[in-house]
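> Below is one structure. I have some questions about it.
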Amino acid sequence: MEILNREKTHTRNTVFNSIGEGLWGFGLAFHNMNSVVPMFLAQLGASAFVIGLIPGGFILLVALPQVLSAILFSRSTRIRDLNIGLHFSMAPIAFLMGLCFYFFGLSGATGIRAYLVLWVIWSLGVGFLVPVWADFLHSVSLTSRRGRFFGITFTSNALMGMLGGYILREVLAMEYVSFPQNFGLGFLIMTAAILLGNTFFMFIKVIHHPVVTDEPPLHWVKRLKTIYVGDKNFRTYIITRALAASAFMPLAFFGVDLQARFDLPLSSAGSFTIFLVVGQAMFNILFGYLGDHLGRKTAILGFFLGHFLAVLTAAMATEVWMAYLTFVFAGMAFGAGQSSFMAFVYEFAGEHGDRKLYYAALDSAVAPFIVLYISLAGLIVESWGTSVLYLLTASLVLLGGLIFLTKVKSPHTS
1 MEILNREKTH TRNTVFNSIG EGLWGFGLAF HNMNSVVPMF LAQLGASAFV
51 IGLIPGGFIL LVALPQVLSA ILFSRSTRIR DLNIGLHFSM APIAFLMGLC
101 FYFFGLSGAT GIRAYLVLWV IWSLGVGFLV PVWADFLHSV SLTSRRGRFF
151 GITFTSNALM GMLGGYILRE VLAMEYVSFP QNFGLGFLIM TAAILLGNTF
201 FMFIKVIHHP VVTDEPPLHW VKRLKTIYVG DKNFRTYIIT RALAASAFMP
251 LAFFGVDLQA RFDLPLSSAG SFTIFLVVGQ AMFNILFGYL GDHLGRKTAI
301 LGFFLGHFLA VLTAAMATEV WMAYLTFVFA GMAFGAGQSS FMAFVYEFAG
351 EHGDRKLYYA ALDSAVAPFI VLYISLAGLI VESWGTSVLY LLTASLVLLG
401 GLIFLTKVKS PHTS
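Each residue of the sequence shown is one higher than the one before, starting from 1 at the first, in my numbering.
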């Protein structure tokens with residue numbers, strides 16, 4: 001009877017979480033770091049260096065506060081309430097973006113500075129949220145169904161993102177809403193969507209509460225050292241993820257480069273977003289299923305393959321359809337990562353281990369490499385063009401994928 005009740009709760013949680021995450025996916029289509037924001041900044045007149053900062057810089061800023069977040073919230077058993085509160089705290093930042101560009105119409109250098117300040121706050125806010133959110137998803141799902149839970153959840157996120165991308169395309173094509181008000185209107189739509197999505201998280205129930213620790217912060221530092229020094233397999237995984245992080249270098253330039261190459265309208269930012277989330281929707285559920293039946297390692301290989309194909313397609317694109325296919329392959333990479341990255345880290349931590357700490361340890365270790373990549377991306381484009389950037393990225397991603405395939409063992413077998 002208890003097992004049956006837990007399964008029913010898991011099913012209920014899957015439904016409500018999918019709706020909530022779907023609305024978040026719809027909202028974030030208007031603020032996609034890989035398609036929308038780079039083109040928005042390009043229209044504001046930002047340099048290639050600034051544009052190149054966005055996808056990788058977002059990941060870096062998200063990584064920075066995660067260890068602090070893991071420490072601050074390690075003693076709390078109210079994982080559901082924490083998750084809801086931190087999700088709601090993101091809405092005022094999104095509203096300020098809409099205020100700056102829809103109501104005040106900021107543009108030029110002023111608009112770039114205003115956006116970047118809000119972008120930093122937004123990214124750090126996501127960083128505080130991620131360890132709690134990861135623990136929350138673990139606490140409201142069953143281990144045996146977790147791959148499908150992530151697959152269904154993130155497929156809903158991607159499908160609603162497709163709708164958001166379509167509406168964004170229509171908003172950007174409106175003749176009576178000029179730039180930057182059209183993007184500002186999108187930010188306001190994002191605000192409404194995430195507020196509505198957050199309400200569905202209130203109906204989710206915790207299946208098993210996270211382990212609470214009373215350790216002082218110094219012990220956390222020691223435990224991080226133990227993870228880095230004692231877990232060779234995890235160290236190798238970190239190396240492969242560090243190489244794979246090079247994929248953030250060209251992401252900001254896909255849209256800008258392909259729009260200019262084929263002389264596409266500004267509304268193509270919405271089209272690129274649609275194809276990006278189409279790729280996520282197609283491959284989220286597929287890799288979630290493969291992860292459950294063939295292991296997370298098989299699914300994560302799709303992350304490396306997707307990024308490699310995206311860069312290769314962008315480099316060789318001679319037709320508009322190849323520009324769209326580039327974003328489908330990028331979506332494939334994100335779909336593979338979303339369905340399996342969290343679950344893979346859970347396996348490293350063990351069923352009763354500290355997942356927040358492992359998650360923070362991974363992102364913190366990869367962060368310096370992201371700094372290097374985003375520092376180089378704009379300089380490479382300004383000096384040698386996107387072709388060199390694409391070639392370098394393809395080489396690093398391929399190397400990371402080969403090391404992952406041959407050297408990283410599935411945690412439950414290592």
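For each residue, glycine too, the CB sits at the ideal point set by N, CA and C. This one's a predicted model, so the numbers in the text were calculated from it and none came from an experiment.
How far does the alpha helix (DSSP H) with N32 in it reach, from first residue to last?
Here N32 belongs to no alpha helix (DSSP H), and DSSP marks it neither H nor E.
> Are A252 and A377 touching if we call contact CB-CB under 8 Å?
yes
> Under three-state DSSP, which class holds V345?
helix
> To which residues of the same chain is F58 closer than 6 Å at the C-beta, ignoring the five residues directly before and after it?
M33, S123
> Excluding the five sequence neighbours on either side, which residues of its own chain have a C-beta within less than 7 Å of the C-beta of Y237, listed in chain order?
V408
> What does a CB cutoff of less than 6 Å around R12 pick up in its chain, not counting 5 residues either side in sequence?
Answer for R12: no residue qualifies.
> For S18 versus I167, is the C-beta spacing smaller than 8 Å?
no
> Does DSSP classify F404 as helix, strand or coil?
Here F404 sits in helix by DSSP.
> Out of I204, F272, T406, L258, state which residue places its alpha-carbon closest to the alpha-carbon of F30.
F272
> How many Å lie between N233 and A242 at the Cα?
14 Å
> Okay, do the stretch 79-87 and the stretch 161-176 touch, 3+ Cβ pairs below 8 Å being the bar?
no
> For D257, does the three-state DSSP call read helix, strand or coil?
helix
> Counting C-beta neighbours from all protein chains within 10 Å, is the total for R148 16 or more, i.e. buried, or is it exposed?
Classification for R148: buried.
> For the candidate residues Y176, E21, L53, F88, whose alpha-carbon lies nearest to that of Y102?
Y176
> Beta-carbon separation of L60 and I380 under 8 Å?
no
> How would you label E21, buried or exposed, when you count the other beta carbons within 10 angstroms and need 16 or more for buried?
Its Cβ being crowded by 16 or more others within 10 Å, E21 is buried.
> Could you pull the start and end residues of the alpha helix (DSSP H) that F101 belongs to?
No alpha helix (DSSP H) holds F101; DSSP gives it neither H nor E.
> Sort A260, F303, V67, A158 by Cα distance to Q280 and report the nearest one.
A158
> I189 and L142 look like a contact to me (Cβ under 8 Å); what is the Cβ gap, rounded to whole Å?
Contact doesn't hold; Cβ gap of about 35 Å is too wide.
> So, are the CB atoms of T393 and M249 less than 8 Å apart?
yes
> Using beta-carbon positions only, say whether G197 and G27 come within less than 8 Å of one another.
yes
> Measure the beta-carbon distance from A310 to T326 and round it to whole angstroms, keeping in mind my assumption that it falls under 8 Å.
5 Å
> Give me the Cα-Cα distance between A317 and L72, rounded to the nearest whole angstrom.
47 Å
> Helix, strand or coil: how does DSSP classify L53 here?
helix
> Helix or strand or just coil, what does DSSP make of L399?
helix
> May I ask you to report which of helix, strand or coil DSSP gives K232?
Looking at K232 - three-state DSSP - the assignment turns out to be helix.
> Using 8 Å as the threshold, is the C-beta distance between A365 and V67 below it?
Result no, Cβ atoms of A365 and V67 do not sit closer than 8 Å.
> Are there 16 or more other CB atoms within 10 angstroms of the CB of L120, so buried, or fewer, so exposed?
Before going on, a small fix: residue 120 reads as Val here, not Leu. Exposed: under 16 other Cβ atoms inside 10 Å.
> Kindly give me the distance between the Cβ atoms of A430 and S387, rounded to whole angstroms, as I take these residues to be in contact under 8 Å.
Within the shown structure, residues of the chain are numbered from 1 to 414, placing residue 430 beyond reach of any answer.
> Near L163, which residues of its chain fall below 8 Å by C-beta distance, leaving aside the five closest residues on each side in sequence?
Residues of the same chain with a CB within less than 8 Å of the CB of L163, apart from the 5 flanking positions on each side, are F26, A29 in chain order.
> Which residues in the same chain as L44 place their Cβ atom closer than 8 Å to its Cβ, once the five residues preceding and following it in sequence are excluded?
Excluding residues within five positions, the ones whose Cβ falls inside 8 Å are S107, G108, G111, I112, Y115, P180.
> Could you say which of V132, V397, G127, H87 lies nearest to G302 if we only look at CA atoms?
V397
> With distances taken from CA atoms, which of F254, H138, G56, D263 is nearest H209?
H138
> Pick from W321, Y289, V229: whose alpha carbon is nearest that of H150?
The sequence given here has Phe at residue 150, not His. Residue Y289 is the option with its Cα nearest to F150.
> Find the nearest neighbour of A42 within the set M322, L399, A269, V328, judged by alpha-carbon distance.
Residue A269 is the option with its Cα nearest to A42.
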